[in-house]
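Peer 1:
Residue numbers (our numbering), protein chains in the order written: chain A, 1 to 112; chain B, 1 to 115.
#1: If I follow the unbroken beta strand (DSSP E) through residue 21(B), where does it start and stop?
#2: Could you give the distance in angstroms between the alpha-carbon of residue 1(B) and the alpha-carbon of residue 76(B)?
#3: When you compare the CB of residue 101(B) with every CB in chain A, is at least one pair closer than 7 angstroms?
#4: Run down chain A in chain order and give the residues with a C-beta less than 9 angstroms from the C-beta of residue 3(B).
#5: Identify the contact partners of residue 43(B) in chain A, using a Cβ-Cβ distance below 7 angstroms as the criterion.
#6: Give me the Cβ distance between residue 37(B) and residue 87(B), rounded to the nearest whole Å; I'm assuming they're in contact under 8 angstroms.
#7: Among the residues of its own chain, which have a CB less than 8 angstroms from the CB of residue 61(A), if the five just before and after it don't count?
#8: Give a yes or no on whether 7 angstroms exceeds the smallest Cβ distance from residue 106(B) to chain A.
#9: Quick check on the burial criterion: 16 or more other C-beta atoms within 10 angstroms. Buried or exposed for residue 115(B)?
#10: Look at residue 46(A) and residue 91(A) and say whether their C-beta atoms are less than 7 angstroms apart.
#11: Using only the alpha-carbon positions, how far apart do residue 28(A) and residue 5(A) sit?
#12: By Cβ distance below 6 angstroms, which residues in the same chain neighbour residue 9(A) in space, the five residues on each side in sequence not counted?
#13: Going by other Cβ atoms of all chains shown within 10 Å of its Cβ, with 16 needed for buried, is residue 111(A) buried or exposed?
#14: Comparing the C-beta of residue 66(B) with each C-beta of chain A, is any distance below 7 angstroms?
#15: Between the Cα of residue 106(B) and the Cα atoms of 80(A), 84(A), 26(A), 37(A), which residue gives the shortest distance?
#16: Using the Cα positions of residue 102(A) and residue 81(B), report the straight-line distance between them to the nearest angstrom.
#17: Opposite residue 18(A) in the DSSP bridges: which residues?
#18: Where does residue 1(B) fall in DSSP's three states?
#19: Examine the Cβ distances between the segment 46 to 62 of chain B and the segment 3 to 13 of chain B and report whether three or more of them are shorter than 8 angstroms.
#20: Does the CB of residue 21(B) have a neighbour CB from chain A at under 7 angstroms?
#21: Could you check whether residue 50(A) and residue 64(A) sit closer than 7 angstroms to each other, using their CB atoms as the reference points?
#22: I need the straight-line Cα distance from residue 3(A) to residue 71(B), nearest angstrom please.
Here you go:
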């Protein structure tokens with residue numbers, strides 16, 4: 001079973017920030033938080049990951065709470081192409097035989 | 001542009017038949033994983049290979065088997081196909097040297113329909 005809890009769906013206005021929450025209260029010390037998204041009919045796409053510090057890349061920002069029991073993925077300026085299912089996953093890294101256990105994810109609908 | 005290529009893109013098989021799905025990863029991607037995604041569900045982990053050896057397996061029966069080759073390609077074989085095997089099969093790989101810096105790169109998948 002997935003070790004994360006996400007809202008099933010969210011809406012966001014185009015050009016606004018999309019904030020996607022994730023709860024992972026049973027995360028272990030050696031597990032990272034990964035975010036992937038899947039646009040219809042395509043394979044999942046890696047977005048970002050982190051251990052305990054906040055992370056930012058060209059796609060998004062990841063905010064992890066100090067107790068690591070929850071996190072938020074932030075898309076700073078959502079576009080229509082960001083409409084997708086977003087998966088929050090906790091996992092050991094690949095070098096430690098990590099495997100991705102996907103839940104149902106959050107369906108983000110970006111509206112004009 | 002994805003660095004993982006899967007073939008074929010679509011496939012129709014009859015119940016009881018065997019099928020082989022193929023995946024070609026980027027150079028240096030020594031870790032490859034296979035996932036099954038039923039319609040409306042998240043991907044489910046089948047197994048993972050590292051340097052041609054299986055190093056993790058999900059809750060799938062032995063009729064699901066795999067191989068990884070030195071040229072960064074891999075195969076998923078499914079014997080005695082059942083109707084419930086109809087799904088999108090995804091291959092994912094990650095570079096060996098920097099495996100923890102990057103996530104997995106997924107292919108676009110093979111859509112298998114069992115009739």
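We put the beta carbon where it would ideally sit given N, CA and C, even for glycine.
Predicted model only: the values in this text are computed from it and were never measured.
Peer 2: Based on what the coordinates show:
#1: On the second chain, position 21 is the one that residue 21(B) refers to. For residue 21(B), the uninterrupted beta strand (DSSP E) segment begins and ends at 19 to 24.
#2: For the purposes of this step, residue 1(B) is identified with residue 1 of the second chain, where counting begins at 1. For the purposes of this step, residue 76(B) is identified with residue 76 of the second chain, where counting begins at 1. In this prediction, residue 1(B) has a pLDDT of 41, which is less than 50 and means its spatial position is unreliable; nothing more can be read from the coordinates.
#3: Your numbering for residue 101(B) matches position 101 in the second chain. Not closer than 7 angstroms to any Cβ of chain A, the Cβ of residue 101(B) fails to qualify, so no.
#4: Counting from 1 along the second chain, the entry for residue 3(B) is found at position 3. Here the premise fails: no neighbours, minimum Cβ distance about 11 angstroms.
#5: The residue labelled residue 43(B) in the question sits at position 43 within the second chain. In chain order: 44, 102.
#6: What you label residue 37(B) is simply residue 37 of the second chain in a count that begins at 1. What you label residue 87(B) is simply residue 87 of the second chain in a count that begins at 1. Contact between residue 37(B) and residue 87(B) is confirmed by a C-beta separation of about 6 angstroms, below the 8 angstroms threshold.
#7: Locating residue 61(A) in the first chain gives position 61, counting from the first residue. Excluding sequence neighbours, residue 61(A) sits near 48, 54, 55, 73, 74, 76.
#8: Numbered from its first residue, the second chain carries residue 106(B) at position 106. By this cut-off, residue 106(B) is an interface position.
#9: Position 115 of the second chain holds residue 115(B). So residue 115(B) counts as exposed.
#10: For the purposes of this step, residue 46(A) is identified with residue 46 of the first chain, where counting begins at 1. For the purposes of this step, residue 91(A) is identified with residue 91 of the first chain, where counting begins at 1. Taking 7 angstroms as the Cβ cut-off, residue 46(A) and residue 91(A) do not qualify as a contacting pair.
#11: Here residue 28(A) corresponds to residue number 28 of the first chain, with the count starting at 1. Here residue 5(A) corresponds to residue number 5 of the first chain, with the count starting at 1. About 15 angstroms.
#12: Taking the first residue of the first chain as position 1, residue 9(A) is located at position 9. Here the set comprises 107.
#13: On the first chain, residue 111(A) is found 111 positions in, with the first residue counted as 1. Around the beta carbon of residue 111(A), fewer than 16 other beta carbons sit within 10 angstroms, so the residue counts as exposed.
#14: Here residue 66(B) refers to the residue found at position 66 when the second chain is read from its first residue. Put simply, the CB of residue 66(B) is far from chain A, with every gap to its CB atoms at 7 angstroms or more.
#15: If you number the second chain from 1, residue 106(B) lands on position 106. If we check each option's Cα against that of residue 106(B), 37(A) comes out closest.
#16: Counting from 1 along the first chain, the entry for residue 102(A) is found at position 102. Counting from 1 along the second chain, the entry for residue 81(B) is found at position 81. For residue 102(A) and residue 81(B), the distance between alpha carbons rounds to 24 angstroms.
#17: Translated into positions along the first chain, residue 18(A) becomes position 18. According to DSSP, residue pairing for residue 18(A) in a beta bridge involves 75(A).
#18: Indexing the second chain from 1 puts residue 1(B) at position 1. Reliability of the predicted coordinates at residue 1(B) is poor, the pLDDT of 41 falling under 50, and the value obtained from them is presented with this limitation in mind. Of the three classes helix, strand and coil, the one that applies to residue 1(B) here is coil, per DSSP.
#19: The answer is no - the segment 3 to 13 of chain B does not touch the segment 46 to 62 of chain B, with fewer than three Cβ pairs under 8 angstroms.
#20: In the second chain, counting from the first residue as 1, residue 21(B) sits at position 21. Taking Cβ atoms only, chain A never reaches closer than 7 angstroms to residue 21(B), which makes this a no.
#21: Translated into the one-based positions of the first chain, residue 64(A) becomes position 64. Translated into the one-based positions of the first chain, residue 50(A) becomes position 50. In this structure, residue 64(A) lies near residue 50(A), with their beta-carbon atoms less than 7 angstroms apart.
#22: If you number the first chain from 1, residue 3(A) lands on position 3. If you number the second chain from 1, residue 71(B) lands on position 71. One C-alpha to the other measures close to 34 angstroms.
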